[in-house]
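Count along the sequence shown starting at 1, add 1, and that's the number in my numbering.
Yeah, the Cβ is synthetic: ideal placement off N, Cα and C, and Gly gets one too.
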Amino acid sequence: MLQQTSPTKRPPVVAARQVMAEDGPLVEGREFVWSDADFSRIKALIYKKAGISLHDGKHAMVYSRVSRRLRETGHASFKTYLDWLEQHDGAEWQEFINALTTNLTAFFREQHHFTILSELMAAKRTQPWRIWCSAASTGEEPYSIAITATEALGASGTFQIVNSDIDTKVLATAARGVYKSEGVKGLSQEQLQRHFMRGKGANAGFMRVKP
Numbered sequence: 002m003l004q005q006t007s008p009t010k011r012p013p014v015v016a017a018r019q020v021m022a023e024d025g026p027l028v029e030g031r032e033f034v035w036s037d038a039d040f041s042r043i044k045a046l047i048y049k050k051a052g053i054s055l056h057d058g059k060h061a062m063v064y065s066r067v068s069r070r071l072r073e074t075g076h077a078s079f080k081t082y083l084d085w086l087e088q089h090d091g092a093e094w095q096e097f098i099n100a101l102t103t104n105l106t107a108f109f110r111e112q113h114h115f116t117i118l119s120e121l122m123a124a125k126r127t128q129p130w131r132i133w134c135s136a137a138s139t140g141e142e143p144y145s146i147a148i149t150a151t152e153a154l155g156a157s158g159t160f161q162i163v164n165s166d167i168d169t170k171v172l173a174t175a176a177r178g179v180y181k182s183e184g185v186k187g188l189s190q191e192q193l194q195r196h197f198m199r200g201k202g203a204n205a206g207f208m209r210v211k212p
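Listed below in structure tokens is the structure:
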């Protein structure tokens, strides 16, 4: 038989989870206490350090991603983690930035951009090209630029691509140049044969950019 609780007397656990903090309401049932003040503080820090603007609809994402940093660094609350972070100028700042960076990329995403680039380069084949990919992410975009440049300039063409990204972990992925086979499905068979090596054995299902 189920026991009914009086509407004026909540069970102790539920009541504890709905306590109001001085800096805003606590979110119910989560591993760490999470308040509006925590979000606002993170929002201000990431904008100051990296220029990343977080809107109010990102509460769940920010909680999830920064919670991992609390676990990794052994902090029991967002406040103690953020206090510690602001008191140090070390590697954790980069981890904090990496955690809040969203990477959306694909080979030849926004195809019309590469069509325009190809036309520009083909019209000036004899000049050396230096291209900066400022948000290289995991490498799909700069490799797409490299394929475009190779096809537009021909064997005698000269080009250099400089890659950067605020997220250091995705740059490491870009440097490896290894991708799942489904990630390169949009490329032609000729492009795959010319620019990629197909993995075998333990590496089956992966493609690697040719050196």
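{"query": "Going by Cα to Cα distance, which pick from Ala-137, His-114, Ala-150 is closest to Arg-131?", "result": "Ala-150"}
{"query": "Between which two residues does the beta strand (DSSP E) carrying Lys-181 extend?", "result": "179–181"}
{"query": "With distances taken from CA atoms, which of Thr-139, Gly-202, Ala-153 is nearest Val-171?", "result": "Thr-139"}
{"query": "So, at 8 Å on beta carbons, what are the nonlocal neighbours of Val-185 in its own chain, with the 5 sequence-adjacent residues on each side left out?", "result": "Phe-108, Leu-193, Phe-197, Met-208"}
{"query": "Beta-carbon within less than 6 Å of Asp-24's beta-carbon, same chain only, minus the 5 sequence neighbours each way: which residues are those?", "result": "For Asp-24, the pLDDT reaches just 42, beneath the cut-off of 50, and the residue's location in the model is therefore unreliable, although a value from the coordinates is still provided. Ser-36, Ala-38."}
{"query": "DSSP three-state call for Arg-131: helix, strand or coil?", "result": "strand"}
{"query": "According to DSSP, which residues form a beta bridge with Gln-161?", "result": "Arg-131"}
{"query": "Could you work out which residue in Leu-154, Asn-164, Leu-101 is closest to Ala-61 when comparing CA atoms only?", "result": "Leu-101"}
{"query": "If we count Cβ pairs, one from each stretch, closer than 8 Å, do we get three or more for the stretch 118–138 versus the stretch 158–171?", "result": "yes"}
{"query": "Taking the C-alpha atoms as reference points, what is the distance between Ile-148 and Ile-167?", "result": "24 Å"}
{"query": "Per DSSP, which one or two residues make a beta bridge with Met-122?", "result": "Per DSSP, none; premise fails for Met-122."}
{"query": "With DSSP as the reference, please indicate the residues paired to Phe-207 in a beta bridge.", "result": "Lys-181"}
{"query": "Examine the ligand GDP and report whether any of its heavy atoms sits within less than 6 Å of the Cβ of Asp-166.", "result": "For the ligand GDP, the structure offers nothing, since it holds no ligand at all."}
{"query": "Note the first and the last residue of the continuous beta strand (DSSP E) segment covering Phe-108.", "result": "Element bounds for Phe-108: n/a, residue is neither H nor E."}
{"query": "Specify the secondary structure class of Phe-33 as computed by DSSP and reduced to three states.", "result": "coil"}
{"query": "Might you give, ordered along the chain, the residues of its own chain that have their beta carbon closer than 6 Å to the beta carbon of Ala-123, omitting 5 neighbours on each side?", "result": "Ala-153"}
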